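So the structure is just underneath, and the comments pick up after that.
Residue numbers (this note's numbering): 79 to 281.
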């Protein structure tokens, strides 16, 4: 016969029946609950006030899932980590943030792609390359501008060409004989008078 001492808890049936018969009211949801179920109810009651573990804000359990915690960690597409409260500040610096094209072409461009977009943006304003025109047009309208001002551009280019030739005719042509300067030879050339007359005969 085994003589080992066994220690075991003996359930008090009378006490158990007494506890089961007692009920009460939840102070959060005002629901009626049995005393023996109070612990489980407290762990799942949606009206009970809980504390956010990150920001220590108090809120009801039913609002816990939708709680926009300012200390919640966010990982941006650029790879940087920051708290929710710093999101607005990060958006002003993030290279992956999509921003409107500054030339109002309507496109959304990542900030780091803006320099390359600027080089080809059809809405970028450019000054006409014909000297004397002075008009500014968008890149997409450049061909239209050139077509509409073809005769005017031709006149401006002709005037500029004549001005250059006239300035060249007033230059003093130097005639320098070949010579030596130090150890390096210095040479120059001149346009013959007959050739000069031929070049500027149409002016």
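Ideal Cβ positions, reconstructed from N, Cα and C, are used throughout, including at glycine. The structure displayed is predicted, hence computed values, not measured ones.
Taking one beta carbon from each stretch, the segment 159–167 and the segment 180–198 have fewer than 3 pairs nearer than 8 Å; the two do not touch.
Listed in chain order, the non-local C-beta contacts of residue 100 below 6 Å within the same chain comprise 113, local neighbours out to five positions each way being set aside.
The three-state secondary structure of residue 164, taken from DSSP, is helix. Of the residues assessed, residue 141 falls on the exposed side of the cut-off, its CB having fewer than 16 other CB atoms within 10 angstroms.
Within a 10 Å sphere around the beta-carbon of residue 231 sit 16 or more other beta-carbons, which makes this residue buried. For the pair of segments examined, the segment 223–238 was found not to touch the segment 196–205: the number of CB pairs separated by less than 8 Å stays below three. Here DSSP, grouped into helix, strand and coil, assigns residue 137 to strand.
208 is the residue among 102, 208 and 143 whose C-alpha sits nearest the C-alpha of residue 237. Here residue 110 carries a strand assignment [DSSP, helix/strand/coil]. If only complete runs of 4 or more residues are kept, the segment 215–248 shows the alpha helix (DSSP H) at 220–226 and 228–247, in order along the chain.
The three-state secondary structure of residue 117, taken from DSSP, is helix. Per the DSSP secondary-structure output, residue 159 pairs in a beta bridge with 153. By the CB criterion at 8 Å, residue 107 and residue 125 fall inside the cutoff. DSSP, read as helix, strand or coil, puts residue 192 in helix. The continuous beta strand (DSSP E) containing residue 101 extends over residues 101–103. Look at residue 198 here: in three-state DSSP terms it is helix.
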